[in-house]
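Chains as they are written, first to last, in my numbering: chain A, 1 to 287; chain B, 1001 to 1471.
Glycine included, C-beta positions come from ideal geometry on N, C-alpha and C.
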Amino acid sequence: MYRIVKREEYSPVTFMWEIEAPDVAQAVEPGHFVIVKHTDEGERIPLTVADFDRKRGTVTLVIQAVGKSTRMFQKLKQGESIDSFVGPLGIASHLEKKEGKIVCVGGGLGVAPVFPQLRKLKELGNHTISIVGFRTKELIFWKEKFEKYSDVLHIATDDGSYGTKGFVTTVLKDVLEKNADVSEVIAIGPLVMMKACVDMTKPRGIKTMVSLNPIMVDGTGMCGCCRVTIGGKMKFACVHGPDFNGLEVDFDELLKRHSRFLPFEQESLKRWESSCQCECGGKEVAR
Amino acid sequence: MSDEPKKTLKTIAPKKTPIPEQDPKVRCHNFKEVALGYSEEQALAEAARCLECKNPKCVEGCPVLIDIPGFIREISAKNYRRSFEILKKDNALPAVCGRVCPQEVQCEATCIVGKKLEPVGIGRLERFVADYGIERGWEDLPEIKPNSRKVAIVGSGPSGLAVAGDLARAGCAVTIFEALHVPGGVLKYGIPEFRLPKRIINIEIGGLQKLGVKVECDKIIGRLYTIPSLMKDRGFDAVFIGTGAGFPKFAGIPGENLNGLFSANEYLTRTNLMAGWDFPNMDTPVGMGRKVAVIGSGNTAMDACRVSLRMGADKVYCVYRRTIKESPARIEELHHAMEEGVEFHWLTAPVAIHGDDKGWVKSMECEKMELGEPDESGRRKPVPIKGSNFLFEVDTIVYALGTAANPVIAQTTPGLATNKWGYITVDENQMTSIPGVFAGGDIVTGAATVILAMGAGRQAAKGMLKYLGLA
Chain A
1 MYRIVKREEY
11 SPVTFMWEIE
21 APDVAQAVEP
31 GHFVIVKHTD
41 EGERIPLTVA
51 DFDRKRGTVT
61 LVIQAVGKST
71 RMFQKLKQGE
81 SIDSFVGPLG
91 IASHLEKKEG
101 KIVCVGGGLG
111 VAPVFPQLRK
121 LKELGNHTIS
131 IVGFRTKELI
141 FWKEKFEKYS
151 DVLHIATDDG
161 SYGTKGFVTT
171 VLKDVLEKNA
181 DVSEVIAIGP
191 LVMMKACVDM
201 TKPRGIKTMV
211 SLNPIMVDGT
221 GMCGCCRVTI
231 GGKMKFACVH
241 GPDFNGLEVD
251 FDELLKRHSR
261 FLPFEQESLK
271 RWESSCQCEC
281 GGKEVAR
Chain B
1001 MSDEPKKTLK
1011 TIAPKKTPIP
1021 EQDPKVRCHN
1031 FKEVALGYSE
1041 EQALAEAARC
1051 LECKNPKCVE
1061 GCPVLIDIPG
1071 FIREISAKNY
1081 RRSFEILKKD
1091 NALPAVCGRV
1101 CPQEVQCEAT
1111 CIVGKKLEPV
1121 GIGRLERFVA
1131 DYGIERGWED
1141 LPEIKPNSRK
1151 VAIVGSGPSG
1161 LAVAGDLARA
1171 GCAVTIFEAL
1181 HVPGGVLKYG
1191 IPEFRLPKRI
1201 INIEIGGLQK
1211 LGVKVECDKI
1221 IGRLYTIPSL
1231 MKDRGFDAVF
1241 IGTGAGFPKF
1251 AGIPGENLNG
1261 LFSANEYLTR
1271 TNLMAGWDFP
1281 NMDTPVGMGR
1291 KVAVIGSGNT
1301 AMDACRVSLR
1311 MGADKVYCVY
1321 RRTIKESPAR
1331 IEELHHAMEE
1341 GVEFHWLTAP
1351 VAIHGDDKGW
1361 VKSMECEKME
1371 LGEPDESGRR
1381 KPVPIKGSNF
1391 LFEVDTIVYA
1401 LGTAANPVIA
1411 QTTPGLATNK
1421 WGYITVDENQ
1431 MTSIPGVFAG
1441 GDIVTGAATV
1451 ILAMGAGRQA
1461 AKGMLKYLGL
1471 A
């Protein structure tokens, strides 16, 4: 059992957990992910680590409640525990001191996981430019954290209620035009966002790393569900990634693979919504 | 005993006592066990076929060297408790092995009765005794003299469990680290419920825990703790690596990333480990269609075929590039699959998977093969017949092409020697290139069987006891 020592709400669908897992907190590095499973019926859900505190022995996750499992997670209160928490998984991001500037782009659910990379890059002495995007002003979180480790922080909102109006790519375009000395871009977020970033950096020949979060089961290399095509070769995101050279990722294939379980996800969610929404998973009503 | 007339090949029944099974037409729609196990009467009848040879050959056919005539003798004497203890002494998982061991190429292949008649049904008898004990809640708790040695086992599959049993009995403090949320490894994720019920596995692992073995799930070694850190910082005197070979292979033909194409590992993990057959009561879906092609003809392929039928598939094709003769599956498994309605296509190999515009499998293009000259494995090599291409209309494809070495441990253990395929190299004591670090099972040999992994585990346990100065 792993206790949720702190829980915060960032929006009606976004929440933060600090999980007590001292050994994981010791071993985790930026770029790693964990797998969370709750209740006997539960799925194994992979989540990229958003932060960690080795002293306090905690690992931070920022979760979007989109399906049944994450909606169920959302209902758990501070002080309650989850059944299963395994990590760190994947290969840690390769981060080093670079000559030029490094741009960290986080959009939507990618805002939180790009943070540990940003912090490490800053600690290594890099010049960092951060671009984070939200739908609207009320949904902005971790502004102070990003400010602390960014030489320049840009915030974009879809509706223009804060910062630049538009997507992170609107800002990225501008940043790339104004800074000829960008040596690397790190982009984490929805697939379409990462793809749009790569479309922008590719013609300029700028190294662009992305963090992929395809559908997984075990997360340890056993099932091959998370296979992705990188530079024409098959790779498993769980053990060869999750970070990959974005210029080589076959995003179109990945987008199709993402839709693999859509009808099942919808069925599961609908069933849960019409149930008691407790940890019984809707069995009581359905049976 | 001496009053009884001596049993000979002429006085015993020529055939094995049949084991009751669920009707194929019924069982192909449920996940309940196929083979139902001997009744006491049937077990006694089968035990009576054992000649209790003075120089038995069956024991040497057993990778974990069970005292086979010994446990069968105790069945005949109706001394089932003693029989159970004899089994448990050499085999931590008799109820598992009695179900999934390929006895026909091991103990039953060397059984002296088998030279003239059908061999003694050793596997069925093993299962009978193990189940008899399980039903009565028997525990085999020998007196253990604890020593001060701490041993870590990486992976809770068959090899790790075998090591754990032997070392716990020798008095070591044993901790098993398992990356998944439940222990059992391939027994849980790979072998379907209808061949090996989860309940049986849990009881057998529970038996090990009663011997003092600690099982820590959700602990991925190589990432959370490294092997050197287990020894340096956590005080383990020796480590056993039994991580298995579970890294699925793909064929490298076009279309393999289409939706609807699974590795057998994924397919079986979804159905077995995550119990996706019970979706939406269980949260993990399987996501299969109605027309399934399974590629390969090993035991895993048979499992995938038979799971597909139980998942409600209208059509299940088993496609293999060689013939039934070269098929690596157990005869019993092939037979069961045929009985249940799997359609076999021998000398057939996929060359491309075709999809629709949304990225789903639509059909599988195959070509017919013929057998040519023997290859390095001694089997005749399948050669494609030009112009023989044809299509299978399928929406689901399961690749059961075998597995490769999982790279995680090797990536994170400096100085651990592996061969060119990534399998860990060991000496005659199963010790790796790092002193005190042992390995066994599929991560050393490549994909094999449960019992061979257990045999390697027992060998490693011996080596570890020697290394620890306890033997």
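One finds Phe264, Glu267, Ser268 in chain A with Cβ atoms closer than 9 Å to the Cβ of Phe1279 of chain B, taken in chain order. Contact with chain A is found for Ala1179 of chain B, since one of that chain's Cβ atoms lies less than 8 Å from the residue's Cβ.
Using a 10 angstroms sphere on the CB of Pro1248 of chain B, the tally of other CB atoms reaches 16 or more, which defines it as buried. Using a 10 angstroms sphere on the CB of Lys68 of chain A, the tally of other CB atoms reaches 16 or more, which defines it as buried. Cβ neighbours of Gly1061 of chain B within its own chain (closer than 7 Å, five residues either side excluded): Gln1106, Cys1107, Ala1109, Thr1110. Chain-order list of chain A residues neighbouring Pro1285 of chain B: Phe261, Phe264, by C-beta distance under 7 Å. Within the region 1203-1225 of chain B, contact with chain A at the beta-carbon level (separation under 8 Å) is assigned to Cys1217, Asp1218, Lys1219, Ile1220, Arg1223, Leu1224, Tyr1225. In the DSSP assignment, Gln1411 of chain B falls within the unbroken alpha helix (DSSP H) covering 1408-1412. Secondary structure note for Lys1291 of chain B: its beta strand (DSSP E) is the uninterrupted segment 1291-1295. Membership of Glu1256 of chain B in any beta strand (DSSP E) is not indicated, and neither H nor E is assigned to it by DSSP.
With its beta carbon at least 8 Å from every one in chain A, Lys1116 of chain B lies outside the interface. Taken in chain order, the complete alpha helix (DSSP H) segments of 4 or more residues contained in the region 137-196 of chain A are 143-149, 168-178. Under the three-pair Cβ rule at 8 Å, the region 1163-1174 of chain B does not count as touching the region 1080-1087 of chain B.
The beta-carbon of Lys145 of chain A is placed no less than 8 Å from the nearest beta-carbon of chain B. Residue burial is scored here from C-beta neighbours: Cys238 of chain A has at least 16 other C-beta atoms within 10 angstroms and is therefore classed as buried. The beta-carbon of Arg257 of chain A is placed less than 8 Å from the nearest beta-carbon of chain B.
Counting C-beta pairs closer than 8 Å gives three or more between the region 1240-1257 of chain B and the region 1156-1170 of chain B, which meets the contact rule. Pro88 of chain A reaches chain B at Ile1220, Arg1223, Leu1224, counting residues in chain order whose Cβ is nearer than 9 Å. Any Cβ of chain B closer than 8 Å to the Cβ of Glu43 of chain A would place that residue at the interface, and such an atom is present. Shown here, Arg227 of chain A sits in a strand according to DSSP, grouped into three states. Under the DSSP assignment, Phe1031 of chain B falls outside any beta strand (DSSP E); it carries neither an H nor an E label. Pairing Ile1434 of chain B with Ser130 of chain A, the inter-Cα distance amounts to about 45 Å.
Taking all protein chains in view, the Cβ of Met1 of chain A is surrounded by fewer than 16 other Cβ atoms within 10 Å, so the residue is classified as exposed. Only Val217, Asp218, Thr220, Gly221, Met222, Cys223, Gly224 from the region 207-224 of chain A bring a Cβ to less than 7 Å from some Cβ of chain B. According to the DSSP assignment, Glu8 of chain A belongs to no alpha helix (DSSP H) but to the beta strand (DSSP E) extending over 2-9. Per DSSP, the continuous beta strand (DSSP E) segment holding Tyr1317 of chain B begins and ends at 1315-1319. In this structure, the beta-carbon distance from Ala187 of chain A to Val210 of chain A falls below 8 Å. Looking at the backbone, the Cα of Trp142 of chain A and that of Gly42 of chain A are separated by about 30 Å. Bounds of the beta strand (DSSP E) holding Gln64 of chain A are 58-64.
Contact between the region 73-85 of chain A and the region 160-168 of chain A is not established, with fewer than three Cβ pairs separated by less than 8 Å. CA-CA distance, Val1096 of chain B to Lys37 of chain A, rounds to 27 Å. Between the C-alpha atoms of Gly133 of chain A and Ser150 of chain A there is a straight-line separation of about 15 Å. Taking CB atoms only, Phe85 of chain A has a neighbour in chain B less than 8 Å away.
Between Thr1008 of chain B and Gln1042 of chain B, the C-beta spacing is not below 8 Å. Within chain A, the residues placing a beta-carbon under 9 Å from that of Phe1250 of chain B are Gly224, Arg227, Met234, ordered along the chain.
It is roughly 11 Å from the alpha-carbon of Val1034 of chain B to the alpha-carbon of Arg1306 of chain B.
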